[in-house]
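Below, the structure is given as structure tokens:
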């Protein structure tokens, strides 16, 4: 059981609220950079690169996309779990608008849960993009 | 097979586009090629969906927003927020995204090896057009006019050595930018014989609004004949006036900027004039190529096309200019 | 109910009995004297948020009207085909200035203006944490705005489009227009970042006691998200502008393909700003709706957390959309797909918040009102704009729609529906807070219908105009291709819309002297801003309340009475000084009673001198520019010296309700430390744009560095880096010895740090210098030099701060306890050290490992 001490504001992780979107951003950026490098002349003209005649992404970049996506989903699931646990602390339900450290804690958890859900959809969309359109043209 | 989008879309065009509907030489909704047809179909699908969703959201907002007594209902909250706010849009967007991603690769892919290749270079503010042979060497150069054989893929190779332009023939397909230092590609499949209009879609300076061109999609046989004709050198002037015009061309130094193949004029700065009289328009500005317009153009091009880099030649005197115009008009 | 933790033991109730009447009168008089707004010509020295916010809002509305008139001229030109009302060149200036002014001088600043005016009221605070900084921001905005808008009257306006794509703007427009745009807007953007810093610190550190994160008004959530977005969105544009101006002035070839540059870098940087910017405009506007809806539904917002999710989610995702403005630049299909996907995802949070509003209305007791009418108009318009946005996010459709009137129609639906109508709703709703008067219900209704109908007549046909082949930014179109009627309709609609907007502006400006004051809280709202008396008092709130709920006026019994009778915190200003409370980030527990500065002309002076630097610089008048710069440094130094980190006459102060707080804090609990930290986040995002540029160029070409280039080498940059890290370490050491009150050691350490810093910069520059990197030769040389110059500018600022600390210490204004200046200097140097480390790793390390 959480005690008041556990709920002190110094111990409240606030970073978990934007964290899921940071996961999305990292996934997005990693996919973007990987695609840009493999399609661009600096890396893409090396053997296996897509810019040299070979216009479809294959092999290593696709493996990388897979790794990025799986890692992001794992991280998001962990954040969903954290958020859900904070959200369901005790037996209160939303709107979490009481003037108490517990409701503040639940609110943070609930926001994290929702944001992680959104991030999960966004990561899936990015993954759809890179796996459905594997072309550098 | 050209796709018009069905009777419903024509009706919709008339409704929102006025009596002329969606037709037009420059209309993306009056497709003359595969790419434009694909996008037009996508547009009508999405528009129909969007209108239904718009009407639904506005109706809900209006219905619940009119004055009424308190009516709490957690069930309705869930339906509205989770159902209408989350599940519905995620479902629709996922389907739409998948549809859009599915149609993307064919639209960005290159034409098959051996297809007709046309190089278009964006200039300020006109289009340098080169038909290339199989090795990539130029067969013939012209300006502000593109003719294509119907039913065959064409590969455009686009570039610019000045500012950014964007090459767009709405009836045939989407646009593609021309960027200094890069080469971009656009593949089109014209499916209908006819005349279409194109325009520069990226703001490129003073005369951006006057940077247009004409596209003629022809039967393959007619196209071959036309291309062979374009490869000929300029016709010799036959009348005294046109002969005088040719002399004016030489004397006035037109050849410093323009090429007229078969004469000493071999400038590369301005448009090739070898067959200027046969073109569908003048100056990339939709002007006619008759002698009267040519005369006005040579005297004071700035009046017809603000910002144009060609200087005015009024000081040559109207007789010389008339002769020159007559000569140019006959360069067919 | 088993509520772990339960009610916090430190939860505070207001005084059971008010102070005697006489005491309260005396308190009110003292408060009034402390917060008195200056009169006469000194009125313009006011720094109070209510005055500055009002000027700011007025100026933005003026710029909107100006840009609107320009739009009407454009619509007249386009009314008939092949028209010659204005020349092509004038038309190009018109759309450039219209777009730029609407974006940079109206849409973004009005959010900051309204927030300056209202954020303290939402938070029951007396003022923002840095009143003089807001005044400076306003004056800078006004100077820059007048400079920019005025240029069109001299035919010298920028003509590169509001997006300013090079090489058109770098090599093909040698006139001053582009310089005016680049320098003028950079100046305004710096002011916008200053305002964003203020909003963020205000939200996190100046909430009323007890306003935990789960009780923050929704408006504040939106504003803080938009402000944080500014920190990451504006620096790319500032960096882009810097690159472009340096190319124009000194021929460094960042966008010149012939020397290794690339015009697309500008587009990346511009849209990395430009897309989030749309949401920076949209979020604070929809925030107004989020306050209006609960008031007229007479119940708290349903799905509060969902709305917070929407604000944060939109803010983040909007940074993954920038390439959807570049779908036709020939980027790889996979890149296009990735950005198409993110552009679809961003629609989800937007839809969530709309349905939260609808659910709230459904459950509440809705009453008819004018602000709700505008909110409904906003819904009808914005949803259509959002849906066409979803359409253009599908890349194949964008290939056709891009840069046509379809897009013009689309984004006007988004911006007018998502920002202008909500702002008008907010004007009608919040106007009583400005001068205690209501706007006219009758005029407001007429204006609404004019604006709403006119808008749709003007902009709905544009979707078809675009798809029938009309590109954007053309002054003429041919007569016979089906565009005539559509364009004429749009022109007629534009004038109807303009008449509606003019009526609203008239309603706000018309004299209202004879009309009665509005009743207090005229709409029966539940949030803190409606505590204000009619007309308002300069002190904001009579006493700073303890917050227990999201809608205290509805949910906390006798709340208004308790505030008015001074039963909460700070009901008095014993020393007749301006004071407000600083609280903790999560639970808003009071930690400091902060003294705020009063009226001063220094912000105006600082804005004039810094503005002079930019304006004279634009005209290449280097001597006056340099004089202005030196004067600016002098004025800012004097401002800081006399107005900040002032040592109070006592250590702690009784703020009422049995609580005492320190008057001075330093380090992470102080607002100054936060401001430096947040500003440096913006600086870091600019720096990472430069690093991005380096690797962008590298990834694009096989010759980066170009063959035969040896610079900048390893020795000199590493030496420079080591010296600068030494300067950083010495600054840290100075803080330590200062805390121990070792004055001499502190001074010696700071002096040594300055010397090390100067030597470090010289060594850093010696790298590219000795290896012959010449910035106008190739983009590699230019990029390396720019990173070095960037470090140099930061070190220069850091040295000024060290010198300032030495002077403060010598003057006895900096002591071991009152060490805010030194704490902030150390914080700044943390960032400098990081920047230098990354720079050395990039310019020396990357070529070496390759």
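Chains as they are written, first to last, in our numbering: chain A, 1 to 137; chain B, 138 to 469; chain C, 470 to 1319.
From the three backbone atoms N, C-alpha and C, an ideal C-beta is built for every residue, glycine too.
Proximity of residue 133(A) and residue 566(C) at Cβ, strictly below 9 Å:
Here residue 133(A) is taken as the residue at index 133 of the first chain, counted from 1. Here residue 566(C) is taken as the residue at index 97 of the third chain, counted from 1. In this structure, residue 566(C) does not lie closer than 9 Å to residue 133(A) by Cβ.
Using the Cα positions of residue 911(C) and residue 958(C), report the straight-line distance between them to the nearest angstrom.
Indexing the third chain from 1 puts residue 911(C) at position 442. Indexing the third chain from 1 puts residue 958(C) at position 489. Roughly 28 Å between the two C-alpha positions.
With a 10 Å radius around its C-beta and 16 neighbouring C-beta atoms as the bar for buried, classify residue 401(B) as buried or exposed.
As a first step, residue 401(B) is located in the second chain; it is residue number 264 there, counting from the start. Burial call: exposed.
In the structure shown, what three-state DSSP assignment does residue 1118(C) receive?
As a first step, residue 1118(C) must be located in the third chain, where it is residue number 649. Looking at residue 1118(C) - three-state DSSP - the assignment turns out to be coil, as it is neither helix nor strand.
Report the CB separation of residue 110(A) from residue 87(A) in whole angstroms; it is logged as a contact under 8 Å.
For the purposes of this step, residue 110(A) is identified with residue 110 of the first chain, where counting begins at 1. For the purposes of this step, residue 87(A) is identified with residue 87 of the first chain, where counting begins at 1. The distance from the Cβ of residue 110(A) to that of residue 87(A) is about 4 Å, consistent with a contact at the 8 Å cut-off.
How many Å lie between residue 1146(C) and residue 1297(C) at the Cα?
Position 677 of the third chain, counting from 1, holds the residue named residue 1146(C). Position 828 of the third chain, counting from 1, holds the residue named residue 1297(C). Between residue 1146(C) and residue 1297(C), the C-alpha separation is close to 8 Å.
In chain B, what lies closer than 8 Å to residue 733(C) by C-beta?
Counting from one through the third chain, the residue named residue 733(C) turns up at place 264. By Cβ distance, chain B contributes 316, 319.
Cβ neighbour criterion (16 or more within 10 Å) applied to residue 553(C):
Here residue 553(C) refers to the residue found at position 84 of the third chain. Classification of residue 553(C): exposed, given that the 10 Å Cβ count is below 16.
For residue 463(B), the first and last residue of its enclosing alpha helix (DSSP H):
Position 326 of the second chain, counted from the start, is the residue given in the question as residue 463(B). Unbroken alpha helix (DSSP H) run through residue 463(B): 455 to 466.
Listed by chain order, chain C residues near residue 69(A) by CB distance under 7 Å:
On the first chain, position 69 is the one that residue 69(A) refers to. Result: empty, since nearest Cβ-Cβ is about 12 Å, beyond 7 Å.
Residue 132(A) versus chain C: which residues are under 8 Å apart at the beta carbon?
As a working note, residue 132(A) is residue 132 in the first chain. Going along chain C in sequence order, the residues near residue 132(A) (Cβ under 8 Å) are 806.
Chain A contact residues for residue 762(C), given Cβ-Cβ distances below 9 Å
Translated into positions along the third chain, residue 762(C) becomes position 293. Per Cβ cutoff of 9 Å: no residues; residue 762(C) is ~15 Å from chain A at best.
Can you have a look at residue 63(A) and say buried or exposed, based on whether 16 or more other CB atoms are within 10 angstroms of its CB?
As a working note, residue 63(A) is residue 63 in the first chain. So residue 63(A) ends up on the exposed side.
Coil, strand or helix - residue 1125(C) by DSSP
Taking the third chain and counting its residues from 1, the one referred to as residue 1125(C) is at position 656. Strand, per DSSP.
Name the chain B residues that come within less than 9 Å of residue 576(C), Cβ to Cβ?
Counting from 1 along the third chain, the entry for residue 576(C) is found at position 107. Within 9 Å Cβ-Cβ: nothing; residue 576(C) doesn't reach chain B, min ~21 Å.
By the 10 Å Cβ neighbour count, where 16 or more other Cβ atoms means buried, how is residue 658(C) classified, buried or exposed?
The residue labelled residue 658(C) in the question sits at position 189 within the third chain. With 16 or more other Cβ atoms within 10 Å, it is buried.
Could you give the DSSP three-state label for residue 251(B): helix, strand or coil?
Here residue 251(B) corresponds to residue number 114 of the second chain, with the count starting at 1. Residue state, collapsed to three classes: coil.
I want to know whether the segment 1043 to 1051 of chain C touches the segment 494 to 507 of chain C - three or more CB-CB distances under 8 Å.
yes
Collapsed DSSP secondary structure at residue 262(B) in the structure displayed
Along the second chain, one-based indexing puts residue 262(B) at 125. Three-state DSSP puts residue 262(B) in coil, outside helix and strand.
Contact list for residue 860(C) against chain B, beta-carbon separation under 8 Å
The residue given as residue 860(C) occupies position 391 in the third chain. Going along chain B in sequence order, the residues near residue 860(C) (Cβ under 8 Å) are 180, 183, 184, 187.
For chain B, find out if any of its Cβ atoms is closer than 9 Å to the Cβ of residue 129(A); answer yes or no.
The sequence position of residue 129(A) within the first chain is 129, counting from 1. Yes, residue 129(A) counts as interfacial toward chain B.
Whole-Å CB distance - residue 39(A) paired with residue 136(A), under 8 Å assumed
Looking up residue 39(A) in the first chain gives position 39. Looking up residue 136(A) in the first chain gives position 136. Right, the Cβ-Cβ distance comes to about 4 Å (below 8 Å), so this counts as a contact.
Residue 12(A) versus residue 105(A): straight-line alpha-carbon distance, rounded:
Locating residue 12(A) in the first chain gives position 12, where the first residue counts as 1. Locating residue 105(A) in the first chain gives position 105, where the first residue counts as 1. Cα to Cα, residue 12(A) sits roughly 7 Å from residue 105(A).
Over what stretch of residues does the beta strand (DSSP E) that includes residue 278(B) continue unbroken?
Locating residue 278(B) in the second chain gives position 141, where the first residue counts as 1. Taken as a continuous stretch (DSSP letters only), the beta strand (DSSP E) holding residue 278(B) covers 275 to 280.
Do residue 1304(C) and residue 1263(C) count as a contact pair if the criterion is CB distance below 9 Å?
For the purposes of this step, residue 1263(C) is taken as the residue at position 794 of the third chain. For the purposes of this step, residue 1304(C) is taken as the residue at position 835 of the third chain. Their beta carbons are under 9 Å apart, which means residue 1263(C) touches residue 1304(C) by this criterion.
Roughly how far, in whole angstroms, is the beta-carbon of residue 917(C) from the beta-carbon of residue 993(C), given that I think they are within contact range, below 8 Å?
In the third chain, the residue the question calls residue 917(C) occupies position 448. In the third chain, the residue the question calls residue 993(C) occupies position 524. Actually they do not touch by this definition, with Cβ atoms about 22 Å apart.
Could you name the residues of the same chain whose beta carbon sits closer than 7 Å to that of residue 488(C), not counting the 5 residues immediately before and after it, in chain order?
Counting from 1 along the third chain, the entry for residue 488(C) is found at position 19. Beyond the five residues adjoining it in sequence on each side, residue 488(C) comes within less than 7 Å, by CB distance, of 1035 in the same chain, given in chain order.
Please confirm if residue 137(A) has its CB atom under 9 Å from at least one CB of chain B.
Residue numbering aside, residue 137(A) sits at position 137 when the first chain is read from its first letter. Chain B, which has a Cβ nearer than 9 Å to the Cβ of residue 137(A), makes this yes.
7 Å Cβ cut-off: residues of chain B touching residue 121(A):
Counting from 1 along the first chain, the entry for residue 121(A) is found at position 121. Within chain B, the residues near residue 121(A) are 227.
Kindly list the residues whose CB is nearer than 7 Å to the CB of residue 1186(C), restricted to its own chain and excluding five residues on each side of it in sequence; keep chain order.
Within the third chain, the letter at position 717 stands for residue 1186(C). The answer, listed in chain order, is 1233, 1236, 1309, 1312, 1313.
Do three or more CB pairs link the segment 811 to 818 of chain C to the segment 868 to 881 of chain C at distances below 8 Å?
no
Taking Cβ positions only, does residue 232(B) come closer than 9 Å to chain A?
Indexing the second chain from 1 puts residue 232(B) at position 95. False, the Cβ-Cβ gap to chain A never drops below 9 Å.
Which class does residue 384(B) belong to by DSSP, given the choice of helix, strand or coil?
Position 247 of the second chain, counting from 1, holds the residue named residue 384(B). Helix.
Residue 576(C) beta carbon near the ligand SAH (any heavy atom closer than 8 Å)
Within the structure as shown, the ligand SAH is missing, as the structure has no ligands at all.
Taking 8 Å as the limit between beta carbons, can you name the residues of its chain near residue 420(B), skipping five residues before and five after?
Along the second chain, read from residue 1 onward, the residue named residue 420(B) stands at position 283. Excluding positions up to five away in sequence, the list reads 263, 281, 347, 434, 438, 441, 442, 445.
How is the beta strand (DSSP E) around residue 322(B) delimited, first residue to last?
For the purposes of this step, residue 322(B) is taken as the residue at position 185 of the second chain. That run of the beta strand (DSSP E) goes 321 to 325.
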